[in-house]
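Residues -3 to 145, numbered by the numbering used here, are exactly what the sequence shown covers, in order. Backbone N, C-alpha and C define an ideal beta-carbon position, used for all residues, glycine too.
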Amino acid sequence: MELYAFSCNVPDYNVSFRDHIRAITRMAHAAYEEYSAVYAGKYALNYDYLIAGCLLHDVGKFIEMAKDETSELMPRRVVYSDKQKYLSHAFIGAGLAIKHGLPYEIAHIIGYHSKEGELWPKSPEAQLMTLIDHVNFYPLRAQAAFSGK
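The following block contains the structure:
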């Protein structure tokens, strides 16, 4: 199975889509456990929505992005597809979630996790998932910038 990088925004990214989803989901699980332990009885998160949102938040990238057939790198690089001119992966993913009957709460997490959702209120689950996505992405991007790549 070929593994493709999950972002076009970092040159020579060496993080697969699978590893990105796995990291997001594991960190969300850990954050949920801590949140629940500290705020038990006061505030609650919907675990099922949070985890489903983590697993599916980048599903739209399968339409937004395409394989870079010229790349010799492993994992293979990706480029933006022509469809990305019209809709981002967040909008595509939210549409897919609704089309396939997932709850609007999950579609909300998918649709609002990226920059397109910055101006709108987020559910607690969407806010947490977005922060965890940033915790995974921005340090990796910074590492690439500081390593001279």
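Residue from the options whose Cα sits closest to the Cα of residue i
| i | options | result |
| --- | --- | --- |
| A122 | L136, Y43 and H96 | Y43 |
| F13 | A140, G56 and H104 | G56 |
| K111 | A33, G91, D129 and L51 | D129 |
| R22 | L51, P99 and A90 | L51 |
| Y100 | K118, A33, F133 and I59 | K118 |
Helix, strand or coil at residue i according to DSSP, with G and I counted as helix
| i | result |
| --- | --- |
| S12 | strand |
| A1 | Residue placement at A1 cannot be trusted, given a pLDDT of 48 that sits under 50; what the coordinates show is reported in the next sentence. Note: A1 maps to strand in three-state DSSP. |
| D44 | helix |
| H104 | helix |
Residue interval of the alpha helix (DSSP H) (run including residue i)
| i | result |
| --- | --- |
| L92 | H85 to K95 |
| P135 | P120 to F142 |
| G113 | Unbroken run through G113: none, as it is neither H nor E. |
| K38 | Element bounds for K38: n/a, residue is neither H nor E. |
Through-space distance from residue j to residue i, alpha-carbon basis
| i | j | result |
| --- | --- | --- |
| A93 | G107 | 9 Å |
| M125 | A138 | 20 Å |
| E30 | G97 | 30 Å |
| H16 | K38 | 31 Å |
| F87 | I102 | 13 Å |
| I59 | A26 | 30 Å |
For residue j and residue i, believed in contact at Cβ under 8 Å, the rounded distance
| i | j | result |
| --- | --- | --- |
| L136 | V11 | 6 Å |
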